[in-house]
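Numbering-wise (UniProt numbering), the sequence shown opens with residue 1 and increments by one.
Each remark here refers to the structure printed beneath this line.
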Amino acid sequence: ICGKKFKSRGFLKRHMKNHPEHLTKKKYRCTDCDYTTNKKISLHNHLESHKLTSKTEKVI
């Protein structure tokens with residue numbers, strides 16, 4: 001889900017209680033990585049970060 005690891009089941013339960021968005025299916029998915037979101041603008045901003053990374057890699 002988010003990739004975090006916990007030492008105990010209690011810590012996992014507390015995390016899931018504080019972050020219920022981990023349990024919901026997201027509408028928008030990045031085609032370059034495993035990022036998902038329910039907001040179109042968030043996906044747009046995320047995709048822009050891939051473009052910036054790509055440009056930086058080409059310059060170096």
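From the three backbone atoms N, C-alpha and C, an ideal C-beta is built for every residue, glycine too.
Keep in mind the model is a prediction, meaning the values are calculated, not measured.
- Counting only runs of 4 or more residues that sit fully inside the segment 11-43, no alpha helix (DSSP H) segment turns up.
- The residue from G3, K13, K27 with its alpha-carbon nearest to that of N38 is K27.
- In the structure shown, S49 adopts helical secondary structure according to DSSP, grouped into three states.
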